[in-house]
Amino acid sequence: MADAGADRSITGHLPFLRRLIASPGPHERAGDRAFRWLVLAFGGVVVGLTLALAVELGMSSRLAWHAFGLRFLWTSVWDPVQESFGALPFIWGTLVTSAIAMAIAVPLGLGSAIFLAELAPRRISDACAFLIELLAAIPTVIMGLLGIFILAPLMRRLGAPYGVGVLTAGILLAFIIVPYITSIAREVMLTVPRSLKEACLALGATRWEMVRMVVLPYARSGILGALFLALGRALGETMAVTMVIGNRPEISAAIWQPGYTMAAVIANEFTEATSDLHVHTLVLVGLVLFGITMVVNGVARLMIHRLGAGGGTA
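Residue numbers (our numbering): 1379 to 1692.
Structural data, given as structure tokens:
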């Protein structure tokens, strides 16, 4: 199992990449040569678009960089009238809502995936998986309406003074990302060879021990990828969060109080910004969000690479 995971790791793909860009051999067909350069061009376009996006965000936020510098990241004041801006409340709101969402969605999503992959009858599992994928396709603005009319009143009855707030946004985000975790984790668990599971059961293991000692270790890289995909989805969610978080640029230890996120402030204020500095500041908020997303993806790839080298699947 370790060799299978290592073959799927990033290191295992490097020789293929070197062969892809190497000079064609004397016996290479013209069609193979064209296909090689075509797929190389496609990959280059993806990388180029990412770099171009980063450069454009940097160029379009230069006034904010010159005005505030790095202190923009730890300043809490947000006053468009006085043109004094700081991103800390939005960074705080983004990270806290995402953390709440992951704390709720990870056990719920993985538990559902284990049930559908290992315990439920195949017909029921396939039907539930179809419904879960449909849930993932629901527009988030619809989820925001559900948050306003159902979740916010419920939170108000449970003690939250406004109903809307950071906790409400985190719970709503959890419902948004659970389908991603469940669907991907289930598909990864279904790839575990049946012979490994039957061998474990034949040695006297219980169903839970088989899941813990065989299924989860074998599928851990894929599960980790699903979790980071859900985290990236939570970090970048805009409309649903904007509708239930309260949109107050303040930092509060009370998570039931209103807050703000980076995506929400861009959506709310970009069309109403009246000065160049205000526009550049909002673009800078987007650049910070882009940077956080890149860091999350980088950590995810590093962890998946290490787990793959240690015996997980990719």
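Cβ atoms here follow ideal geometry from the backbone N, Cα and C, with glycine treated the same way.
Everything numeric in this text was worked out from a predicted model, so none of it was measured.
Measuring alpha carbon to alpha carbon, tell me which residue in the options is nearest residue i.
| i | options | result |
| --- | --- | --- |
| residue 1460 | 1665, 1634, 1656 | 1656 |
| residue 1428 | 1680, 1665, 1679, 1685 | 1665 |
| residue 1521 | 1617, 1563, 1435 | 1617 |
| residue 1603 | 1564, 1462, 1453 | 1564 |
| residue 1445 | 1424, 1462, 1572 | 1462 |
| residue 1654 | 1538, 1670, 1439, 1495 | 1439 |
| residue 1606 | 1419, 1483, 1452, 1443 | 1483 |
| residue 1574 | 1596, 1650, 1648 | 1596 |
| residue 1598 | 1615, 1495, 1681 | 1681 |
| residue 1498 | 1585, 1679, 1485, 1649 | 1585 |
| residue 1670 | 1407, 1451, 1423, 1580 | 1451 |
| residue 1569 | 1523, 1516, 1491, 1506 | 1491 |
| residue 1552 | 1455, 1649, 1466, 1481 | 1481 |
On the CB-based measure, 16 or more other CB atoms within 10 Å of its CB, does residue i come out buried or exposed?
| i | result |
| --- | --- |
| residue 1672 | exposed |
| residue 1417 | exposed |
| residue 1527 | exposed |
| residue 1529 | buried |
| residue 1685 | buried |
| residue 1576 | exposed |
| residue 1587 | exposed |
| residue 1502 | exposed |
| residue 1613 | buried |
| residue 1413 | exposed |
| residue 1537 | exposed |
| residue 1447 | exposed |
| residue 1421 | exposed |
| residue 1495 | buried |
| residue 1442 | buried |
| residue 1426 | exposed |
| residue 1691 | The pLDDT assigned to residue 1691 is 45, lower than 50, so where the model puts this residue is not dependable; a value taken from the coordinates is nonetheless given after this. It is buried - the Cβ of residue 1691 has at least 16 other Cβ atoms within 10 Å. |
| residue 1615 | buried |
| residue 1589 | buried |
| residue 1592 | buried |
| residue 1601 | buried |
| residue 1455 | exposed |
| residue 1424 | exposed |
Short of 6 Å in beta carbon distance, which residues of its chain neighbour residue i, apart from the five on each side in sequence? Order them along the chain.
| i | result |
| --- | --- |
| residue 1676 | none |
| residue 1377 | Absent from the model: residue 1377. The displayed extent of the chain is 1379 to 1692, so no value can be given. |
| residue 1478 | 1548 |
| residue 1519 | 1617 |
| residue 1533 | 1541, 1546 |
| residue 1486 | 1556 |
| residue 1679 | none |
| residue 1382 | Any reading at residue 1382 needs caution, since the residue's pLDDT is 44, under 50, leaving its predicted position unreliable; the model's value is listed next. There are no such residues. |
| residue 1667 | 1640 |
Spatial neighbours of residue i within its chain, please: C-beta separation below 8 Å, excluding the five flanking residues on both sides.
| i | result |
| --- | --- |
| residue 1693 | No statement about residue 1693 is possible, as the shown extent of the chain runs from 1379 to 1692 and does not include it. |
| residue 1707 | Residue 1707 cannot be examined here, being either before or after the span of the chain that is shown, 1379 to 1692. |
| residue 1514 | 1557, 1558, 1561 |
| residue 1535 | none |
| residue 1674 | 1606, 1609, 1610, 1613 |
| residue 1449 | 1464 |
| residue 1523 | 1621 |
| residue 1579 | 1585, 1588 |
Skipping 5 residues on each side, what residues in its chain have a beta carbon closer than 7 Å to that of residue i?
| i | result |
| --- | --- |
| residue 1531 | 1541 |
| residue 1525 | 1546, 1550, 1618, 1621, 1622 |
| residue 1639 | 1468, 1471, 1472, 1475, 1619, 1623 |
| residue 1635 | 1543, 1544 |
| residue 1409 | none |
| residue 1504 | none |
| residue 1582 | none |
| residue 1489 | none |
| residue 1647 | 1660 |
| residue 1391 | Because residue 1391 sits at a pLDDT of 48, beneath the cut-off of 50, its placement in the model cannot be relied upon, and the point is left open. |
Using a C-beta cutoff of 9 Å, does residue i count as contacting chain C?
| i | result |
| --- | --- |
| residue 1430 | You won't find chain C in this structure, because it holds only one protein chain. |
Inset, instruction - Could you name each continuous alpha helix (DSSP H) segment of 4 residues or more that falls completely within the region 1459-1493, going from the start of the chain to the end? - result: Counting only runs of at least 4 residues, the region 1459-1493 fully encloses the following alpha helix (DSSP H) elements, listed from N- to C-terminal order: 1466-1492.
Inset, instruction - Pick out the complete alpha helix (DSSP H) segments inside the region 1597-1631, 4 residues or longer, and give them in chain order. - result: Segments of the alpha helix (DSSP H) lying fully in the region 1597-1631: 1617-1622.
Inset, instruction - Evaluate the contact criterion for the region 1457-1476 versus the region 1628-1635: three or more CB pairs, one atom per stretch, below 8 Å. - result: Touching, per the Cβ criterion.
Legend entry - Validate contact between the region 1546-1559 and the region 1495-1514 using beta carbons, cut 8 Å, 3 pairs: A contact exists between the region 1546-1559 and the region 1495-1514.
Inset, instruction - Write down every uninterrupted run of the alpha helix (DSSP H) in the region 1487-1529 whose length is 4 residues or greater and which is fully enclosed by it, in chain order. - result: Qualifying alpha helix (DSSP H) stretches, in chain order: 1500-1514, 1518-1524.
Inset, instruction - Spell out a yes or no on whether the region 1643-1662 and the region 1434-1446 are touching, meaning 3 or more CB-CB pairs, one atom from each, closer than 8 Å. - result: Short answer: they touch.
Legend entry - Three CB pairs or more closer than 8 Å across the region 1638-1645 and the region 1559-1571: Touching, no.
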